[in-house]
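Following: one structure in structure tokens, then a few remarks.
Residue numbers (full-length UniProt numbering): 1 to 309.
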């Protein structure tokens with residue numbers, strides 16, 4: 001029974017400390033709300049960066065992983081030469097498939113998409129070249145892709161080549177830079193949250209100095225005195241994490257409509273996503289942990305310096 005009684009007593013002490021710390025926060029609602037809002041904004045910024053990076057990675061995954069090359073042939077070339085060039089490209093190692101777009105097909109497609117059909121009828125000759133669209137095998141190394149590009153450009157009837165994966169490689173580099181920037185911002189703002197809570201709890205300790213001195217005078221332990229301040233830091237952190245989650249959800253909702261329109265213009269089915277349940281819980285619990293850390297440091301630094309007269 002003794003272990004059970006000890007656990008029960010320990011639980012009751014922590015429950016009283018948690019409730020009393022909430023009571024203290026209710027006595028100063030404006031200050032508590034401002035502190036929680038400051039923490040929420042500090043946590044929302046790196047969380048927003050992280051969500052943005054996740055959405056960019058989703059765009060990359062939606063690409064499908066297979067680079068595509070648009071190969072423009074010299075003009076003019078006859079139909080037989082166009083077919084032979086397409087077959088020559090298809091036989092190269094690393095090419096998964098090819099599709100030949102003749103000048104007539106390219107002009108018809110442009111006429112349908114541009115709305116300039118009347119103006120195009122005035123042209124005496126078709127100015128558009130034949131194009132071979134080549135799908136490269138997925139998972140190819142950069143060096144192998146570069147070598148394949150050189151082989152295609154060496155073909156006599158090839159005029160220019162555009163590798164559609166170049167933008168994807170730039171996007172990948174941007175995402176890598178963004179992830180590192182996000183980690184740095186999260187570290188700095190996490191430290192800011194700890195310092196804010198450190199100073200807040202320090203002021204709270206100073207405001208209750210007389211009460212702490214009396215409690216120590218009648219035999220109160222440091223652990224007993226420490227608990228309400230630790231829970232105060234925890235509540236601040238949890239409230240800040242909750243506010244950060246609400247801010248992040250609002251930002252995603254605000255940007256969802258223009259992002260959807262942009263994706264539609266590019267013919268993509270991409271839809272922006274938020275932090276999700278796991279991300280929200282992580283953000284709230286992370287805020288609580290930072291708040292508890294700041295409170296622990298403040299209590300450890302200043303509580304021991306207070307002794308009864």
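Yeah, the Cβ is synthetic: ideal placement off N, Cα and C, and Gly gets one too.
Within 10 Å of its beta-carbon, does residue i have 16 or more other beta-carbons around it, so buried, or fewer, so exposed?
| i | result |
| --- | --- |
| residue 10 | exposed |
| residue 184 | exposed |
| residue 314 | Only positions 1 to 309 of the chain appear in this structure, which leaves residue 314 out of reach. |
| residue 225 | buried |
| residue 30 | exposed |
| residue 294 | buried |
| residue 3 | exposed |
| residue 91 | exposed |
| residue 310 | Beyond the ends of the chain as shown, which are 1 and 309, falls residue 310; an answer cannot be given. |
| residue 101 | buried |
| residue 1 | Confidence in residue 1 is poor, its pLDDT being 44 and thus under 50, which makes the residue's placement unreliable; the coordinate value appears in the next sentence. Counting Cβ neighbours within 10 Å, residue 1 comes out exposed, since fewer than 16 surround it. |
| residue 46 | buried |
| residue 23 | exposed |
| residue 97 | exposed |
| residue 152 | buried |
| residue 188 | exposed |
| residue 302 | buried |
| residue 76 | exposed |
| residue 218 | exposed |
| residue 203 | exposed |
| residue 244 | buried |
| residue 36 | buried |
| residue 86 | buried |
| residue 44 | buried |
| residue 15 | exposed |
| residue 328 | Since the first residue shown for the chain is 1 and the last is 309, residue 328 is missing from the structure and cannot be characterised. |
| residue 174 | exposed |
| residue 128 | buried |
Since residue i and residue j are thought to touch, with beta carbons under 8 Å apart, how far apart are those beta carbons, to the nearest angstrom?
| i | j | result |
| --- | --- | --- |
| residue 228 | residue 17 | 5 Å |
| residue 232 | residue 201 | 6 Å |
| residue 346 | residue 180 | Here the chain comprises residues numbered 1 to 309, so residue 346 is not present and cannot be evaluated. |
| residue 198 | residue 298 | 5 Å |
| residue 290 | residue 132 | So it is not a contact: roughly 56 Å between Cβ atoms. |
| residue 71 | residue 161 | 5 Å |
| residue 157 | residue 80 | 11 Å between Cβ atoms; not a contact. |
| residue 74 | residue 159 | 5 Å |
| residue 272 | residue 249 | With 8 Å as the limit, residue 272 and residue 249 do not qualify as a contact, their Cβ atoms being about 12 Å apart. |
| residue 34 | residue 182 | With 8 Å as the limit, residue 34 and residue 182 do not qualify as a contact, their Cβ atoms being about 26 Å apart. |
| residue 41 | residue 247 | 7 Å |
| residue 235 | residue 20 | Not a contact, Cβ separation roughly 11 Å. |
| residue 274 | residue 252 | 4 Å |
| residue 177 | residue 230 | Between residue 230 and residue 177 the Cβ distance is about 38 Å, and since that is not below 8 Å, they are no contact. |
| residue 103 | residue 143 | About 34 Å separates the two Cβ atoms, so there is no contact after all. |
Who are residue i's beta bridge partners in DSSP?
| i | result |
| --- | --- |
| residue 135 | 68 and 97 |
| residue 193 | None, per the DSSP bridge assignment. |
| residue 160 | 72 |
* Asked: Is there contact between the stretch 205-215 and the stretch 41-57, where contact requires at least three CB pairs shorter than 8 Å?
  -> no
Runs of alpha helix (DSSP H) wholly within the UniProt domain "ABC3 transporter permease C-terminal" (184-307) (minimum 4 residues, chain order):
209-217, 222-265 and 276-302
The stretch 157-166 / the stretch 267-281 touching (three or more Cβ pairs under 8 Å) = no
- Query: Is the stretch 272-288 touching the stretch 238-245 in the sense that three or more CB pairs, one from each, lie closer than 8 Å?
  - Reply: yes
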